[in-house]
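Engineer: 135 is the number of the first residue of the sequence shown in the working numbering; add one for each residue after it. C-beta atoms are modelled at their ideal positions from N, C-alpha and C, and glycine is treated no differently. Following this message is one structure expressed as structure tokens.
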Amino acid sequence: MSFYIGREASKLWKRICAETTTEINLLVENWKYILGGLICQYIHGLAARGVHYFHRPGHILQDAGFFLLPELGQERAYVSETVFSFVFLSFFLWTFHPFIFKSKKIYTVLIWCRVLAFLVACQILRIITFYSTVLPGPNYHCREGSRRATLPRPDNLFEVLLIIPRGVLYGCGDLIFSSHMIFSLVFVRTYQKYGTRRFIKQCAWLVVVVQSLLIIASRKHYTVDVIVAWYTVNLVVFFVDHKLPEMPDRSLGALLLPVNKDGRMKEEGSKLVNGNSGDSVDRRLRSQANGKVNEDLDNVHIEVVDGS
């Protein structure tokens, strides 16, 4: 039993090392896209904080969702955040599953390049919309009488550029459309395309629907914020996905990096992409070489016989 466990642990460690090397090679080639996407996340957070300076509390707008869904209350506001955290963490861990499991269909770096592209496109539209019309926030800390409803005039530029988690949680004015729905819908649509478990796909869509209702019931967004997010994010992902080059499917044995000048895959690249050990690659190369030698000998034998 201990021998079996040790052998499996050794295989797992080799798989993790090979996958890490492959992903590092991909990161070296695509680091600009990853870095650009992360910078845009900061810009989006900066824009959300900036609109808070313009927010003025007022009467909550008439909303059909508020009329139909009972109010959870301020003490239960954590429920929707818990659901969102579950969706975010689950998707994040899934993108790293090729490091552990044998069934590999995605590359972690490439999947995050696509996800960040979707997020950036949606967040640009979101920034435009919530700066176009600043609505009075329905959340409890954005209502009249709350000291967090408005931000005092900043004393310096550093105060504007500094984004703290507490400020993100208690932002006001960045309403249309919901940022939580952007992330959740992008994650679910990505898994819908590249995931393999049908049951998980169905559950993921159900969780997003439940999250939509919880956001409204928690009075964190108006119903229009959630509805606009549903059709905007889906349309943006649909069109952006068609513009991006299709990601290679590892389950079909697609080869990526690295490549020699003559267009052939390097030995170590073939080993890392296919998840094979160096010994198996060497055996495969020797087998191919022996086959080539035998074929040449057969051709020579035929020529000699014909010549005689």
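(1) Assuming contact is defined by CB atoms lying nearer than 9 Å, are residue 221 and residue 322 in contact in what I supplied?
(2) Check whether the Cβ atoms of residue 252 and residue 374 lie closer than 9 Å to each other.
(3) Select from 166, 172 and 180 the residue whose C-alpha is nearest the C-alpha of residue 297.
(4) When the Cα atoms are used, what is the spatial distance from residue 327 to residue 239?
(5) Would you identify the three-state DSSP class for residue 365, choosing helix, strand or coil?
(6) With a threshold of 16 other CB atoms inside 10 Å of the CB of residue 226, please say whether the residue is buried or exposed.
(7) How about residue 189 and residue 306: are their beta carbons less than 9 Å apart?
(8) Mind checking whether residue 200 and residue 272 have CB atoms under 9 Å apart?
(9) Under 7 Å Cβ to Cβ from residue 502, same chain only, skipping five residues before and after it: list those, please.
(10) In chain order, what residues of the same chain have a beta carbon less than 7 Å from the beta carbon of residue 205, not counting five sequence neighbours either side?
(11) Give the DSSP-derived three-state secondary structure of residue 232 in the structure shown.
(12) Using CA coordinates, which residue listed in 245, 267 and 151 is at the minimum distance from residue 310?
(13) With a 10 Å radius around its C-beta and 16 neighbouring C-beta atoms as the bar for buried, classify residue 88 as buried or exposed.
(14) Out of 255, 147, 382 and 355, which has the shortest C-alpha to C-alpha gap to residue 234?
(15) Taking C-beta to C-beta, are residue 319 and residue 255 nearer than 9 Å?
(16) Return the residue from the list 275, 232, 341 and 368 that minimises the CA-CA distance to residue 157.
(17) Assuming residue 293 is part of the alpha helix (DSSP H), what are its boundary residues?
(18) Quick one: is residue 100 buried, meaning 16 or more other Cβ sit within 10 Å of its Cβ, or exposed?
(19) Identify, in the order they occur along the chain, each residue of the same chain with its Cβ nearer than 8 Å to the Cβ of residue 167, setting aside the five sequence neighbours on each side.
(20) Within the same chain, show all residues whose beta-carbon is closer than 7 Å to that of residue 203, passing over the 5 residues directly before and after it, in chain order.
(21) Let me make sure I understand the geometry here. Which of 379, 330, 274 and 369 has the alpha-carbon closest to that of residue 193?
(22) For a quick check, are the C-beta atoms of residue 285 and residue 210 less than 9 Å apart?
Structural biologist: Here's the rundown:
(1) Translated into the one-based positions of the sequence shown, residue 221 becomes position 87. Translated into the one-based positions of the sequence shown, residue 322 becomes position 188. Taking 9 Å as the Cβ cut-off, residue 221 and residue 322 qualify as a contacting pair.
(2) Working through the sequence shown from its first residue, we reach residue 252 at position 118. Working through the sequence shown from its first residue, we reach residue 374 at position 240. Yes, Cβ-Cβ distance for residue 252 and residue 374 is below 9 Å.
(3) Position 163 of the sequence shown, counting from 1, holds the residue named residue 297. Out of 166, 172 and 180, 180 has the C-alpha closest to the C-alpha of residue 297.
(4) Counting from 1 along the sequence shown, the entry for residue 327 is found at position 193. Counting from 1 along the sequence shown, the entry for residue 239 is found at position 105. In a straight line, the C-alpha of residue 327 is about 11 Å away from that of residue 239.
(5) Stepping through the sequence shown from its first residue, residue 365 is reached at position 231. In the structure shown, residue 365 sits in a helix (DSSP, three-state: H, G or I).
(6) Position 92 of the sequence shown, counting from 1, holds the residue named residue 226. That one is exposed.
(7) Translated into positions along the sequence shown, residue 189 becomes position 55. Translated into positions along the sequence shown, residue 306 becomes position 172. Yes, Cβ-Cβ distance for residue 189 and residue 306 is below 9 Å.
(8) As a first step, residue 200 is located in the sequence shown; it is residue number 66 there, counting from the start. As a first step, residue 272 is located in the sequence shown; it is residue number 138 there, counting from the start. It is a contact, given that the beta carbons lie within the stated cut-off.
(9) What the structure shows of the chain is the stretch from 135 to 442, and residue 502 is not part of that stretch, so it cannot be assessed.
(10) As a position in the sequence shown, residue 205 is number 71, starting the count at 1. Excluding positions up to five away in sequence, the list reads 351 and 353.
(11) By 1-based counting over the sequence shown, the position of residue 232 is 98. In the three-state reduction of the DSSP assignment, residue 232 falls in the helix class, which pools H, G and I.
(12) In the sequence shown, residue 310 corresponds to position 176, counting from 1. Comparing Cα-Cα distances from residue 310 to each of 245, 267 and 151, the minimum goes to 267.
(13) This structure leaves residue 88 out entirely; the chain is present only between 135 and 442.
(14) Along the sequence shown, read from residue 1 onward, the residue named residue 234 stands at position 100. Taking residue 234 as reference, the option from 255, 147, 382 and 355 with the minimal CA-CA separation is 147.
(15) Position 185 of the sequence shown, counting from 1, holds the residue named residue 319. Position 121 of the sequence shown, counting from 1, holds the residue named residue 255. No, they are not a contact pair.
(16) Looking up residue 157 in the sequence shown gives position 23. Closest option to residue 157, Cα to Cα, is 232.
(17) On the sequence shown, position 159 is the one that residue 293 refers to. For residue 293, the enclosing alpha helix (DSSP H) covers residues 291-295.
(18) For the chain, the structure presents residues 135 to 442; residue 100 sits outside this window and is missing.
(19) Residue numbering aside, residue 167 sits at position 33 when the sequence shown is read from its first letter. So the list reads 247, 250 and 251, once near-sequence residues are dropped.
(20) Start at 1 with the first residue of the sequence shown, and residue 203 comes out as number 69. Closer than 7 Å at the Cβ level, and outside the excluded window around residue 203, lie 347, 350 and 351.
(21) For the purposes of this step, residue 193 is taken as the residue at position 59 of the sequence shown. The residue among 379, 330, 274 and 369 with its C-alpha nearest the C-alpha of residue 193 is 274.
(22) As a first step, residue 285 must be located in the sequence shown, where it is residue number 151. As a first step, residue 210 must be located in the sequence shown, where it is residue number 76. Not a contact, by the Cβ cut-off of 9 Å.
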